[in-house]
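With our numbering applied, the sequence shown has no gaps in its numbers, which climb one by one up to 392 at the end.
The C-beta atom is built at its ideal place from N, Cα and C for all residues, glycine as well.
These numbers come from a predicted model, not from an experiment.
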Amino acid sequence: MATGDEEVLTLSIGVRVSPEPVAIELLHRYRDALNYAINRIIDNNLRTLKQTHKMLYRDLIEIFNLPSRIAIDCYRDALSNVKSWRNNPKKGKRPVVKRLSMLLHPELSYRIKDNYVEIIGGLRLKIIGWDRRYDNYKNREARLIYKKDKMILWISKKIPKPKEYTPIDVISVDINEKKIVYGDEVINIEKDTAIDKAYRYIRLAEDLKRRYSSSRYLAWRRRKRILNRIRSYHEKARNILIDWTKKISLEIVRLARELRYGVSREDLTNLIRSLRELPKDHKTKLIIMGYSRIERWIDWQAEKHGVPYVKVDPNGTSSECPICDYKGLEEVGYRRLRCPRCGFEADRDVIGKLNVRKRGLRKLGIVPRGGALTPLTAPQMTDVNPNR
Numbered sequence: 005m006a007t008g009d010e011e012v013l014t015l016s017i018g019v020r021v022s023p024e025p026v027a028i029e030l031l032h033r034y035r036d037a038l039n040y041a042i043n044r045i046i047d048n049n050l051r052t053l054k055q056t057h058k059m060l061y062r063d064l065i066e067i068f069n070l071p072s073r074i075a076i077d078c079y080r081d082a083l084s085n086v087k088s089w090r091n092n093p094k095k096g097k098r099p100v101v102k103r104l105s106m107l108l109h110p111e112l113s114y115r116i117k118d119n120y121v122e123i124i125g126g127l128r129l130k131i132i133g134w135d136r137r138y139d140n141y142k143n144r145e146a147r148l149i150y151k152k153d154k155m156i157l158w159i160s161k162k163i164p165k166p167k168e169y170t171p172i173d174v175i176s177v178d179i180n181e182k183k184i185v186y187g188d189e190v191i192n193i194e195k196d197t198a199i200d201k202a203y204r205y206i207r208l209a210e211d212l213k214r215r216y217s218s219s220r221y222l223a224w225r226r227r228k229r230i231l232n233r234i235r236s237y238h239e240k241a242r243n244i245l246i247d248w249t250k251k252i253s254l255e256i257v258r259l260a261r262e263l264r265y266g267v268s269r270e271d272l273t274n275l276i277r278s279l280r281e282l283p284k285d286h287k288t289k290l291i292i293m294g295y296s297r298i299e300r301w302i303d304w305q306a307e308k309h310g311v312p313y314v315k316v317d318p319n320g321t322s323s324e325c326p327i328c329d330y331k332g333l334e335e336v337g338y339r340r341l342r343c344p345r346c347g348f349e350a351d352r353d354v355i356g357k358l359n360v361r362k363r364g365l366r367k368l369g370i371v372p373r374g375g376a377l378t379p380l381t382a383p384q385m386t387d388v389n390p391n392r
């Protein structure tokens, strides 16, 4: 994922390198030094880099045997952690860094040369694989991470933001628990979400917790293999949802760019507040679904491809007639609604998609082709069997 501003986009490019033992040992020392620096900064109420350098620079070199530039990156990293903790209104205990991760400054701390990542102090890590599409852009700060026998250098790069075109219509997106529907007044594409597949692993993790928390297994929390299995189930569920989110967001944006359309999606920021009254299983599925993650990836792909996008109010999108704006739609079948005023009838998700489209057109100032929505007579294109 990445961030952007008015002129550039900031990406993180992953470079997988060989996990050399000397690099792993340096990461352990860096983590110990980072936690030491965090505690010293909090104890002495340090606020600036100048104060932090004066107190910690020598200690990090002499106590933890860090190279001089790595020591500077370490206390910069520590000060950043402390500032985030101080600015958190719900801050609890002092931050403790557990993962093996090291901040690196370009050229001074690391550089890439001859298919190797060279780190100050004489470390050379062979590059195993990386994305070469952005080689022409300058390397910025990076972070070396070691996890599960894999070592990856995440390099920050800034690229020019693509110029947005003027859209002639919009691809609207309606998201719910079971499926995501997107298209315009003619195109109607339905894709199943990955929530059921991911939720299966969540249930497996919960079953393991329940089984080994009984009185027969008083020390289950200390059973490393059980804890690792539970952790792997949660990670598997998360990876399934992230992979699905990346793929579906790219499909939506590519379709919009191909047709020179914009993208209109619901603003689901406050959805989590309305989940408290739902049944436990339904609530859990909606929470792990991660609507905010889907929103971020659709927005990011749109920015990266120069596709205009808007967020619209989700209230009433599935209960309001997209033709005459009547708000009392009648249910005539499973997830099928009909307007008693104008007679328009469609699937609940299609109605939601059309209303999101209409609001997106209005927000972008686009006059729909033909002057109005035309779903009453237009045949719908779909990649889903209607009898499924």
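From what residue to what residue does the beta strand (DSSP E) around residue i run?
i	result
T14	12-21
K195	192-196
Y313	313-316
Taking a contact to mean a Cβ-Cβ separation below 9 Å, would you say residue i touches residue j in this structure?
i	j	result
E349	R340	yes
K161	S323	no
D271	K308	no
G18	W134	yes
Y216	R227	yes
R261	G310	yes
Y237	L212	yes
H109	I76	yes
K183	T197	yes
P71	I116	no
Spell out the partners DSSP gives residue i in its beta bridges.
i	result
S323	Note: S323 sits in no beta bridge, so no partner.
L104	Y150
G133	R20
I156	R20, I149
V121	I116, L129
I175	V267
E349	R342
Y186	V177, I193
K161	L15
P110	Y114
Output the distance between the C-alpha atoms of residue i and residue j, rounded to the nearest integer angstrom.
i	j	result
K165	A306	11 Å
D317	R269	9 Å
R242	I28	26 Å
K167	T321	31 Å
L4	D81	The question about residue 4 has no answer, for the chain in this structure spans 5 to 392.
L13	R144	13 Å
C328	V371	17 Å
D118	T52	38 Å
I234	C343	48 Å
I42	R229	32 Å
N389	K195	In this prediction, N389 has a pLDDT of 41, which is less than 50 and means its spatial position is unreliable; nothing more can be read from the coordinates.
E181	K289	7 Å
N319	N49	47 Å
K87	K250	31 Å
I298	Y313	14 Å
G347	I191	21 Å
E11	R214	52 Å
G142	R352	According to the sequence shown, residue 142 is Lys rather than Gly. Those two C-alpha atoms are separated by around 48 Å.
I132	K151	16 Å
M59	V100	20 Å
Q384	V354	Residue confidence is low: Q384 scores 42 on pLDDT, short of 50, so the model does not pin down where it sits. No coordinate-derived value is stated.
E210	E239	13 Å
H57	L112	17 Å
L83	R44	10 Å
P379	R363	Caution is warranted here: a pLDDT of 44 is assigned to P379, below 50, making its placement in the model unreliable, and the coordinate value is therefore given only provisionally. Cα-Cα distance, rounded: 16 Å.
N85	Y330	52 Å
I291	N232	23 Å
Y138	I163	8 Å
V185	G369	23 Å
L127	R147	15 Å
Go to residue i, then tell me how far its alpha helix (DSSP H) extends in each direction, as first and last residue.
i	result
E299	295-309
E334	Counting along the chain, E334 falls outside any alpha helix (DSSP H), though it belongs to the beta strand (DSSP E) covering 334-337.
E210	199-216
R40	Looking at the sequence shown, residue 40 is not Arg but Tyr. Start and end: 25-47.
V86	72-91
D63	53-66
Check: Do the segment 21-38 and the segment 97-109 meet, that is, are 3 or more Cβ pairs less than 8 Å apart?
Finding: Under the Cβ criterion (8 Å, minimum of three pairs), the segment 21-38 counts as touching the segment 97-109.
Next item on the list: Taking 8 Å as the threshold, find out whether the segment 87-94 comes into contact with the segment 56-68 through three or more Cβ pairs.
Entry: By the Cβ criterion, the segment 87-94 is not in contact with the segment 56-68, since fewer than three pairs of Cβ atoms, one from each stretch, lie closer than 8 Å.
Checklist line | At least 3 beta-carbon pairs within less than 8 Å: the segment 238-252 vs the segment 195-205 | finding: Verdict: yes, contact present.
Check: Are at least three pairs of beta-carbons, each pair with one atom in the segment 250-270 and one in the segment 177-190, less than 8 Å apart?
Finding: yes
Check: At a cut of 8 Å, does the segment 19-28 reach the segment 151-161 through at least three beta carbon pairs?
Finding: Touching, yes.
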